[in-house]
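If you're matching them up, the sequences are chains A and B in order.
So the first sequence is numbered by my numbering: it starts at 14 and just counts up by one.
So the second sequence is numbered by my numbering: it starts at 31 and just counts up by one.
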Amino acid sequence: METAIKTSTIKDKFILEFENSKLFLFGDTQLRNKAIESFYKQGIPTRRQEEYKYIRMGLMLKGEFDFSANKNCSDAQIESLKFLKEAYVVIIENGVFIEGSSNLQNLPKGLTICSLVDAEKSNSPIFEKHYAQYADVKADPFIALNTAMTKDGVFIHVAKNAIIEKPIHIIHISTASKNAIIQPRNLIVVDENSQVKIIESFETLASTAKTVSNALTEIVIDKHAIVDHYKIQDEKELGYLVNTTHVIQQKQSVFSTYTFTLSGSLIRNNLTLVLDDEHIESHLNGLYLTTGNQVVDNHTVVDHRKPNCNSNELYKGIIEGKSTATFNGKVFVRKDAQKTNAFQSNKNILLSQEGTINTKPQLEIYADDVKCSHGSTTGKLDQEKIFYLRARGIGLINAKKLLMHAFASEVVNTIKIKALREYVEEKIAQTFE
Amino acid sequence: MLSIKNLHASIDGKEILKGINLEIKVGEVHAIMGPNGSGKSTLAAVLAGRSEYDVTAGEVTYNGINLLELEAEDRAREGIFLAFQYPIEIPGVSNINFLKTAIGEIRAYKGLDPMNAKDFLMMMKEKQKLVEIDRALISRSINEGFSGGEKKRNEIFQMAMLEPKLSILDETDSGLDIDALRIVANGVNKLKSNDNATIIITHYQRLLDYIIPDFVHILYNGQIVKSGLKELALELEEKGYDFIKEEVEA
Chain A
14 METAIKTSTI
24 KDKFILEFEN
34 SKLFLFGDTQ
44 LRNKAIESFY
54 KQGIPTRRQE
64 EYKYIRMGLM
74 LKGEFDFSAN
84 KNCSDAQIES
94 LKFLKEAYVV
104 IIENGVFIEG
114 SSNLQNLPKG
124 LTICSLVDAE
134 KSNSPIFEKH
144 YAQYADVKAD
154 PFIALNTAMT
164 KDGVFIHVAK
174 NAIIEKPIHI
184 IHISTASKNA
194 IIQPRNLIVV
204 DENSQVKIIE
214 SFETLASTAK
224 TVSNALTEIV
234 IDKHAIVDHY
244 KIQDEKELGY
254 LVNTTHVIQQ
264 KQSVFSTYTF
274 TLSGSLIRNN
284 LTLVLDDEHI
294 ESHLNGLYLT
304 TGNQVVDNHT
314 VVDHRKPNCN
324 SNELYKGIIE
334 GKSTATFNGK
344 VFVRKDAQKT
354 NAFQSNKNIL
364 LSQEGTINTK
374 PQLEIYADDV
384 KCSHGSTTGK
394 LDQEKIFYLR
404 ARGIGLINAK
414 KLLMHAFASE
424 VVNTIKIKAL
434 REYVEEKIAQ
444 TFE
Chain B
31 MLSIKNLHAS
41 IDGKEILKGI
51 NLEIKVGEVH
61 AIMGPNGSGK
71 STLAAVLAGR
81 SEYDVTAGEV
91 TYNGINLLEL
101 EAEDRAREGI
111 FLAFQYPIEI
121 PGVSNINFLK
131 TAIGEIRAYK
141 GLDPMNAKDF
151 LMMMKEKQKL
161 VEIDRALISR
171 SINEGFSGGE
181 KKRNEIFQMA
191 MLEPKLSILD
201 ETDSGLDIDA
211 LRIVANGVNK
221 LKSNDNATII
231 ITHYQRLLDY
241 IIPDFVHILY
251 NGQIVKSGLK
261 ELALELEEKG
271 YDFIKEEVEA
């Protein structure tokens with residue numbers, strides 16, 4: 014019963030912090046109260062819960078934590094994380110939007126970027142209409158926790174018919190000097206017939222303190238809009254990340270999402286796409302490279318609610334050391350969603366004896382005229398291919414590297430922004446060294 | 031150049047090679063013929079360094095070194111090239127990157143400076159013409175979606191790029207139509223010189239109309255049972271492998 018006591022202690026700490034700080038938090042107190050109640054009911058998930066079967070969330074919350082963190086890095090360090098030359102850059106440090114470090118001069122017509130706090134303060138009707146309307150606090154305790162306790166994040170609005178050529182790069186930086194839990198939250202609203210590319214990168218600059226980031230992004234995509242959303246998770250050893258992304262798509266919109274998990278002690282991704290009208294297209298791509306004692310858990314949900322939509326999902330992973338990777342991909346095809354095409358594939362390479370891969374594709378189909386498929390494979394590097402390369406003079410280590418790159422390239426090549434693709438390729442090359 | 035003495039090899043405890051003896055001198059072309067299951071491909075695999083095969087007895091000396099002690103990549107770096115019977119597809123690794131890496135490692139092994147990009151591209155162009163392979167194929171991933179003939183041609187292209195001293199062509203003719211066979215044979219002939227040697231492993235005599243061997247050996251049941259000049263191949267074609275079986279068993 015010892016575990017139960019510990020878990021409730023963590024929970025109580027959150028409740029206490031909420032009571033102490035709620036007067037200083039932005040927005041609707043009622044919404045926050047409801048959320049904390051829901052969190053209280055759900056608690057920190059244990060491995061007895063199906064959705065958290067392969068990941069121990071309690072472990073990362075052990076010990077003392079601050080609920081905010083002060084800037085603990087130089088401007089130069091922040092600048093070094095701006096790896097895209099051509100981009101509108103948003104800096105979110107320890108969960109707070111930092112205008113001074115961001116690069117948001119000369120925003121084009123139709124693009125609004127500001128902090129959540131400012132969006133709420135200015136009574137933006139778009140913000141009010143959409144804020145906290147989609148990710149359900151009852152569905153997951155981390156959604157509840159973020160909704161109750163978030164302090165800030167970014168609000169992005171792309172107006173009708175606007176085409177935003179340069180990507181928007183949101184850089185989440187953890188720089189805590191003492192162990193901290195932060196709750197950044199973003200709202201992205203893309204109006205009818207507009208287009209935007211958004212990159213969220215997650216970095217830890219702290220050198221001694223542990224940061225647990227419970228980040229949540231809601232993306233609302235109106236009809237005919239086209240949105241690309243990239244996540245680059247490079248949290249290093251002291252970074253722990255729960256990253257919830259909730260997307261709602263309207264008629265004939267196209268959404269592509271890319272999740273690259275390169276480092277981090279524990280990364281849990283909860284990605285949900287709701288296809289709420291007809292003729293929607295959705296692409297989900299993911300790549301995770303795990304090593305050491307890392308734990309990476311990707312949970313995805315594609316919810317086909319209406320007819321004539323297409324979704325295509327490809328997640329690949331390379332697992333080394335004693336690391337654990339989990340892929341759980343749910344696809345729902347509701348009764349109304351006739352003529353759905355839904356494809357899912359998860360492929361893994363297990364490089365070590367001690368590594369673990371849990372893969373669980375889940376299709377629930379309630380319509381009868383649909384095309385759906387799913388598959389998952391886990392294997393080692395192909396010995397025949399290794400021999401072929403060695404027979405041409407390529408040493409064993411480089412032969413393996415070439416094959417790992419080749420395996421990853423299927424996902425990396427889906428990145429449409431050249432500079433970003435090169436950055437990810439470079440990062441992957443470093444990982445394989 | 032190559033001296034094989036009493037070579038025995040087995041896989042999963044089953045003996046395939048039962049005492050092979052073969053001497054190859056620089057500048058020579060040797061054809062090894064034999065019925066299915068005689069051990070032709072096993073011989074090629076053992077020489078190239080496939081680790082699934084256990085060499086249980088015998089020795090192989092290549093330019094004065096004990097070949098059997100070398101890893102597959104070091105054999106390649108020393109100048110041994112195996113043209114695979116079934117070249118494998120490697121999606122995601124481009125032919126160009128593959129050859130660049132291979133040449134880089136071979137040069138490093140020999141203590142040579144890396145080849146510059148311009149020289150590499152020039153060499154690619156030149157060898158491409160030499161073996162008549164389409165440029166579009168080379169810009170793709172290794173053998174991905176290639177036809178059987180294209181794969182074989184790509185093997186010869188790699189051979190041209192790596193400039194080996196001893197090439198082993200393992201049933202390079204199988205599955206090739208006559209036009210493709212001529213192109214492949216033509217490529218091999220152009221690459222032949224007084225500084226290198228070639229082993230051609232084949233089931234049929236036809237390839238030997240285009241690549242003229244200096245010696246022909248007949249492999250049967252894990253041993254070379256008969257050796258001769260190029261006429262032996264014709265005799266074999268005419269009489270069929272049964273005549274060897276009868277001769278050996280008599």
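We treat Cβ as the ideally placed atom computed from N, Cα and C, and that holds for glycine.
- Of all alpha-carbon atoms in A/T224, A/N323 and A/R347, the one lying nearest the alpha-carbon of A/D247 is that of A/T224.
- Between the alpha carbons of A/K54 and B/S169 lies a distance of about 58 Å.
- Chain A has a Cβ within less than 7 Å of the Cβ of B/V123.
- Listed in chain order, the beta strand (DSSP E) elements of length 3 or more contained wholly in the segment 166-220 of chain B are 196-200.
- Of the candidates B/K157, B/T232 and B/A74, B/K157 places its Cα closest to the Cα of B/L221.
- Annotation: B/Q158 has no Cβ neighbours in chain A at a cutoff of 8 Å; minimum Cβ distance is about 17 Å.
- Between A/E205 and A/H237, the CB-CB gap stays under 7 Å.
- Distance from the CA of A/N83 to the CA of A/G108, rounded to the nearest whole angstrom, comes to 10 Å.
- A Cβ-Cβ distance of about 5 Å is found for the pair A/N298 and A/T427, placing them in contact under the 8 Å criterion.
- In chain order, F400, R403 and A404 make up the part of chain A whose C-beta sits under 8 Å from the C-beta of B/A102.
- Residue pairing for A/C127: DSSP places it in a beta bridge opposite A/F168.
- If you draw a straight line from the Cα of B/N125 to the Cα of B/V214, it is about 18 Å long.
- The alpha-carbon separation between A/D382 and A/S324 amounts to approximately 15 Å.
- Put simply, the CB of A/G408 is near chain B, with a gap under 7 Å to one of its CB atoms.
- Of the other Cβ atoms in all chains shown, 16 or more fall within 10 Å of the Cβ of A/Q196; this residue is therefore buried.
- Per DSSP, the unbroken alpha helix (DSSP H) holding B/R107 starts and ends at A102 to R107.
- With its beta carbon at least 7 Å from every one in chain A, B/R137 lies outside the interface.
- Within 8 Å of the CB of A/N411, the CB atoms of chain B belong to T131 and E135, in sequence order along the chain.
- In the three-state reduction of the DSSP assignment, A/V425 falls in the helix class, which pools H, G and I.
- For B/Q253 and B/G49, the gap between their C-alpha atoms comes out near 6 Å.
- Within the DSSP secondary-structure output, B/Q253 pairs in a beta bridge with B/Y250.
- Apart from the 5 residues on each side of it in sequence, B/I133 sits with its Cβ closer than 8 Å to the Cβ of M145, F150, M191 and L192 in its chain, given in chain order.
- At least one CB of chain B lies nearer than 7 Å to the CB of A/S422.
- Ranked by Cα distance from A/E231, the options A/E213, A/S220 and A/G113 are led by A/E213.
- Between the alpha carbons of B/A210 and B/G179 lies a gap of roughly 6 Å.
- With a 10 Å radius around the Cβ and a threshold of 16 neighbouring Cβ atoms, A/S365 comes out exposed.
- One thing to note: A/T188 has its Cβ no nearer than 7 Å to the Cβ of A/N311.
- The contact set of B/I120 on chain A, defined by CB atoms closer than 9 Å, consists of D395, K398, Y401, L402, L415, L416 and A419 in chain order.
- Here A/L402 is actually not in contact with A/L394; their C-beta atoms are around 10 Å apart, not less than 8 Å.
- The beta carbon of B/I41 lies closer than 8 Å to those of T72, E82, Y83 and D84 in the same chain, with the five residues before and after it left out.
- At a Cβ-Cβ threshold of 7 Å, B/I248 and B/M63 count as neighbours.
- Taking the Cα of B/S257 as reference, the smallest distance to any Cα among B/S177, B/K155 and B/E53 is reached at B/E53.
- Counting only residues of its own chain and dropping the five nearest sequence neighbours on each side, A/I23 has a CB closer than 6 Å to the CB of I57 and L74.
- Around the Cβ of B/K182, a 10 Å sphere holds 16 or more other Cβ atoms; the residue is buried.
- At a cut-off of 7 Å between beta carbons, B/R212 makes no contact with chain A.
- With a threshold of 16 other beta carbon atoms within 10 Å, B/V278 falls short and is exposed.
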